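S.K.: Handing you a structure now.
Protein chains: 2
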Amino acid sequence: MWGIELQRQSEVSLKRQIYQALREQILHGRLKAGETLPSTRDLASELNVSRNTVNEAYDMLIVEGFVISRQGAPTRVAEGLRLPDDRPDGGAVKPELVTRSFAADFRTGQPDLRQFPRYLWQQIAGKTLQELPAKLFGYTGPDGLPALREEIAAWLLRSKGLAVAPGDLFITAGATHALHLVADLLYREGKEILVEDPCNHGMLQTLVNKGYPIAPIPVDAHGLQTDCLHGKHACAVYVTPSHQFPLGAILPAGRRAALIRFARETDSFIVEDDYDSEFRYYGDPVAPLYALDPQRVIYVGTFSKVLFPALRIGYVILPGRLHKRWRYLRTHTDVQNPPFEQAALAELLRTRKFDRHLGKMRKLYGERRQALLTALKACFGDTWRSWGDAAGLHLAVAFPGMSFDDAFAKKAMDSKIRITPVEYHTIRKGQHADKLLFGYGHLEPEEIARGVGLLHDFLQAEYGGFWSGRE
Amino acid sequence: MWGIELQRQSEVSLKRQIYQALREQILHGRLKAGETLPSTRDLASELNVSRNTVNEAYDMLIVEGFVISRQGAPTRVAEGLRLPDDRPDGGAVKPELVTRSFAADFRTGQPDLRQFPRYLWQQIAGKTLQELPAKLFGYTGPDGLPALREEIAAWLLRSKGLAVAPGDLFITAGATHALHLVADLLYREGKEILVEDPCNHGMLQTLVNKGYPIAPIPVDAHGLQTDCLHGKHACAVYVTPSHQFPLGAILPAGRRAALIRFARETDSFIVEDDYDSEFRYYGDPVAPLYALDPQRVIYVGTFSKVLFPALRIGYVILPGRLHKRWRYLRTHTDVQNPPFEQAALAELLRTRKFDRHLGKMRKLYGERRQALLTALKACFGDTWRSWGDAAGLHLAVAFPGMSFDDAFAKKAMDSKIRITPVEYHTIRKGQHADKLLFGYGHLEPEEIARGVGLLHDFLQAEYGGFWSGRE
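Chains A and B are the protein sequences, given in the same order. First residue of the first sequence? That's 20 in my numbering, and the numbers climb one at a time after it. First residue of the second sequence? That's 20 in my numbering, and the numbers climb one at a time after it.
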């Protein structure tokens, strides 16, 4: 009776089960407007529960307006509650939860997490956890922890010679998050964002999602072709001058100056994404474009590659006239970063243990880059050419005469080889179809050699005539 | 000579100082295109540094294209590098870093951080830190930690009777972040977002920043006036049905049903922001609107109030047909949450220590609410009326005949009293001018009593005749 079946082992309390059962019946019209509920005494005895339990269930129905109770009158169902049956969802598709495993995995942008100094991090983070001041558990504002801003500024000075006031440096939840906010910050009706072509596909999506008109500017072996900027009406130019993604060029000084002149003449901003220049294997880190004009260049940095991606800490350096609006936008986007990771990273920087980790990883990644070049030479002879500066965690390689597209990548994946054609990152197709990207940072030298061998065999099997003729 | 002054105590290496000094001179035209740099031998002797140091500085200039070096020829300055002087920034305004202290601080939305079980959190977070699997340091996808999604779903069931599949629940960086993404998710050209009026000012800004047309729907003592929905072309309705912000109503069942019918008829969504209903002082938590139609209601929850704001963890429950686009948007907004806080919160929920903390805080906040009501009665007699359900961390109070606006709030602040008029949160002005918001969760009973006394004295001094006539 009353259609109530109680589950006595359930996590849900009995009163709530009664409330839910009656509510369902009201909503589906089985209990109609004006109808009387049973007395609490009757229902309690029926269900073999205490009268108090039924009373509490009725109270919930009363508070939420499903039933009306007046002094001395029986409890009745309220008006206008019935819901017609909705059409079913239909569109609910469960995501494929298949974790693929690859025999060769040259994906880009992956630091080697096996080398992360876990014990050191646990020590520092554990100490941070004990010492975190109570006030950091509340809202602390959109700028980021002062200690971290100071330590990052000090590190930028000692590692790249970049002089930045900590007050110009704002903590973000990584580089994507920084770009997402910068896009809002710089938006001007009818103005384009100019991007390098090719350009990181994910970052491009972030800009596209903002509703920006995007204008691609071609990239050659020296980075962005600044000649092509002429006549553009832009609010911003998004560039990777220290290590062009994905082709690897260092933007030369002449083009840097041209870019700054363009920004000044058109009253636009340059967004400099310095995603991995910490890893440069010969010579010193390239000086950021930012140093040339701190009023025109917005510098975006991240710790995802130099420490670990899940840390979710990056930063943006902004001219003073953008600070106020940045704070407003950050406050209404995601408020602030959590304090714990910020405080731990500040400590890692302060003790210079960060610098030592970076030095170690630079050496390791440099060796892996060399292992990749050696393996390419061994497997492919002289049929390829590497692009770009000796930096970062990936290498762009041209195989003249070849053409690599999405279908190629898919076919390779079916053979358990993950590798990205540069075409994946291009906007205008066909300019860089002969190039592949080899992410090597996360792979041991033996994994690299084996992977290049597997790729060679795959190419030979698929494009046999072409390859055999070249060796 | 050459205008280079080396700072030998600097953090910046000597080679970088030389590089920077020469770069500056090139950019400012003091070293002109085609001009020859001194030989490394001469400059080394001039500056009293090793020749190798100068060589390395020149290498940096060569790599970045500031100078050109050809076999056998002297090193010359490259063409086209001079930058004209830019106009100065001018707009750089340093933010006021004054921390105000208040004699009475009734700001809303503040949990009492003094009561946060720091030791317990340190224990659990410390254990989490030691045990965090290495794979969680890499990219783990936009959904959130599976363990946390399961524990939140289990807690929603045991605390609110809400049955949710963990796969429908996505972790966010708090409620603001959730709304920021939901706004992108639901955007449809030409359609409005309907919001309660009054509505949380910060959340409204988040929607406004998205470029949405906003249509206010008035709120009365029973929450959103669903009669006023008729004829609206909306993509979504943003509501706080469990505890209307700021007026405190529980949306009654009849209006809930009307709201669901509206969403079905107009093929729109309801965004349910359940920001603080965990704190309900009489009876059980109000059942979420979500339970009535999981295909039409998007439920937003947060741990900012029940644990601490800087945790930056919230969640959103989404119909299956929105999952794919949610993942896409999150990936290109800020990628994911960091894993550490998620794992620690999952453990707090799993061990039910969270439930105990919540029970303790509910009791404490309930006492503070009572202290506020007692103090209002003692100071203001019968000249006021409280609004809304006995829930949350703030109370809306009407003083009939009075009118509170921004100027009032500012004047109060000058007297060291922080209190927010409801008008601050209204869209159409003038409907709720007689109401003030008292945030009480973060205040001890004595602080509440003292604060109400100070407010009374301030009002008497400012609006003397009015008040003395009423007592």
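Where a beta carbon is used, it is the ideal one built from N, C-alpha and C, also for glycine. If you're wondering where the values come from, they're calculated on a predicted model, not measured in any experiment.
Alpha carbon to alpha carbon, what distance is there between Arg315(B) and Ile279(B)?
M.R.: Between Ile279(B) and Arg315(B), the C-alpha separation is close to 7 Å.
S.K.: Taking a cut of 7 Å between CB atoms, which residues from the segment 223 to 234 of chain B lie near chain A?
M.R.: Of all residues in the segment 223 to 234 of chain B, Gln224, Thr225 and Asn228 have a Cβ within less than 7 Å of some Cβ in chain A.
S.K.: Quick check on DSSP: helix, strand or coil for Ser178(B)?
M.R.: Three-state result, Ser178(B): helix.
S.K.: Taking only beta-carbon positions, decide if Thr393(A) is within less than 7 Å of chain B.
M.R.: It does not; no Cβ of chain B falls within 7 Å.
S.K.: Secondary structure at Pro161(B), three-state DSSP: helix, strand or coil?
M.R.: Three-state result, Pro161(B): coil.
S.K.: Determine which residues of the segment 37 to 60 of chain A have a Cβ less than 8 Å from any Cβ of chain B, and write them out in chain order.
M.R.: Against chain B - using a Cβ distance shorter than 8 Å - the residues of the segment 37 to 60 of chain A are Tyr38, Gln39, Arg42, Ile45 and Leu46.
S.K.: If you follow the beta strand (DSSP E) that His413(B) is part of, which residue opens it and which one closes it?
M.R.: Run containing His413(B): His413 to Ala417, per the beta strand (DSSP E) assignment.
S.K.: Does the separation of the CB atoms of Ile332(A) and Phe322(A) fall below 7 Å?
M.R.: Yes.
S.K.: Tell me which same chain residues have a C-beta within less than 7 Å of the C-beta of Leu139(B), skipping the five on either side of it?
M.R.: Cβ neighbours of Leu139(B) beyond the five flanking positions: Lys372.
S.K.: Just the Cα atoms here: how many angstroms apart are Lys251(A) and Phe288(A)?
M.R.: Their backbone Cα atoms lie some 13 Å apart in a straight line.
S.K.: Checking contacts by CB at 7 Å: is Leu100(A) closer than that to chain B?
M.R.: Output row for Leu100(A): interface = yes.
S.K.: Let me check one thing: in DSSP terms, what residues is Ile317(B) bridge-paired to?
M.R.: Ile317(B) is bridged to Val290(B).
S.K.: Which word fits Asp286(B), buried or exposed, when buried means at least 16 other C-beta atoms lie within 10 angstroms of its C-beta?
M.R.: With fewer than 16 other Cβ atoms within 10 Å, it is exposed.
S.K.: Using a beta-carbon distance below 7 Å, is Tyr77(B) in contact with chain A?
M.R.: Taking Cβ atoms only, chain A never reaches closer than 7 Å to Tyr77(B), which makes this a no.
S.K.: Less than 7 Å between CB atoms is the rule here; does Pro271(A) satisfy it with respect to chain B?
M.R.: For Pro271(A), the answer is yes, since a Cβ of chain B falls inside 7 Å of its Cβ.
S.K.: Would you call the segment 354 to 369 of chain B and the segment 161 to 173 of chain B in contact, with 3 or more CB pairs under 8 Å?
M.R.: Yes, since at least three Cβ pairs between the segment 354 to 369 of chain B and the segment 161 to 173 of chain B fall closer than 8 Å, the two stretches touch.
S.K.: Quick one: complete alpha helix (DSSP H) runs, 4+ long, within the segment 41 to 79 of chain B?
M.R.: Counting only runs of 4 or more, we get 59 to 66.
S.K.: Can you give the Cα-Cα distance for Lys210(A) and Ala253(A), rounded to whole angstroms?
M.R.: The alpha-carbon atoms of Lys210(A) and Ala253(A) are separated by roughly 5 Å.
S.K.: Based on the DSSP secondary-structure assignment, which residues constitute the bridge partners of Arg95(B)?
M.R.: In DSSP, Arg95(B) forms a bridge with Thr55(B) and Ile87(B).
S.K.: Should Thr195(B) be flagged as near chain A, meaning a C-beta pair shorter than 7 Å?
M.R.: Yes, Thr195(B) counts as interfacial toward chain A.
S.K.: Among His241(B), Val441(B) and Ala97(B), which has the Cα closest to the Cα of Gln44(B)?
M.R.: Among His241(B), Val441(B) and Ala97(B), the Cα nearest to that of Gln44(B) is on Ala97(B).
S.K.: Is the shortest distance between the beta-carbon of Asp295(A) and the beta-carbons of chain B less than 7 Å?
M.R.: No, because no Cβ of chain B sits closer than 7 Å to the Cβ of Asp295(A).
S.K.: Distance, Cα to Cα, Tyr459(B) vs Ala268(A)?
M.R.: One C-alpha to the other measures close to 58 Å.
S.K.: Leu205(B) by DSSP, collapsed to three states: which one?
M.R.: Note: Leu205(B) maps to helix in three-state DSSP.
S.K.: If we call anything under 7 Å between Cβ atoms a contact, is Leu456(A) one with Pro152(A)?
M.R.: No.
S.K.: By how many angstroms is the C-alpha of Arg49(A) removed from the C-alpha of Glu65(A)?
M.R.: So the two alpha carbons sit approximately 19 Å from each other.
S.K.: Is the Cβ-Cβ distance between Ile467(B) and Leu391(B) less than 7 Å?
M.R.: Yes. Within cutoff.
S.K.: Can you say whether Asp353(A) is buried or exposed, counting buried as having 16 or more other CB atoms within 10 angstroms of its CB?
M.R.: Flag for Asp353(A) reads buried.
S.K.: Start and end of the beta strand (DSSP E) containing Asp401(B)?
M.R.: Neither: Asp401(B) is in no beta strand (DSSP E) and is coded neither H nor E.
S.K.: So with Cβ pairs under 7 Å, would you call Ile279(A) a contact of chain B?
M.R.: With 7 Å as the cut-off, Ile279(A) counts as an interface residue toward chain B.
S.K.: Within its chain, find whatever has a CB closer than 7 Å to the CB of Arg388(B); leave out the 5 residues flanking it on each side and keep chain order.
M.R.: Counting only Cβ-Cβ distances below 7 Å, and skipping sequence neighbours, we find Tyr300, Ala409, Leu414 and Tyr459.
S.K.: Taking 8 Å as the cut-off, does the segment 141 to 148 of chain B touch the segment 290 to 300 of chain B (at least 3 CB pairs, one atom from each stretch)?
M.R.: As far as the Cβ criterion goes, the segment 290 to 300 of chain B does not touch the segment 141 to 148 of chain B, which means the pair count is below three.
S.K.: Determine contact between the segment 270 to 279 of chain B and the segment 198 to 214 of chain B, defined as no fewer than three beta-carbon pairs at a distance below 8 Å.
M.R.: Flag = no, the segment 270 to 279 of chain B and the segment 198 to 214 of chain B do not touch.
S.K.: Between Met380(B) and the rest of its own chain, which residues show a CB-CB distance below 8 Å, the 5 nearest in sequence each way excluded?
M.R.: Hits under 8 Å: Pro130, Asp131, Gln134, Phe298 and Val325.
S.K.: Quick one, are the C-beta atoms of Asp453(B) and Pro419(B) less than 7 Å apart?
M.R.: Contact: yes.
S.K.: Locate the alpha helix (DSSP H) running through Ile190(B), then write down its first and last residues.
M.R.: Element bounds for Ile190(B): not the alpha helix (DSSP H) but the beta strand (DSSP E), Leu188 to Thr191.
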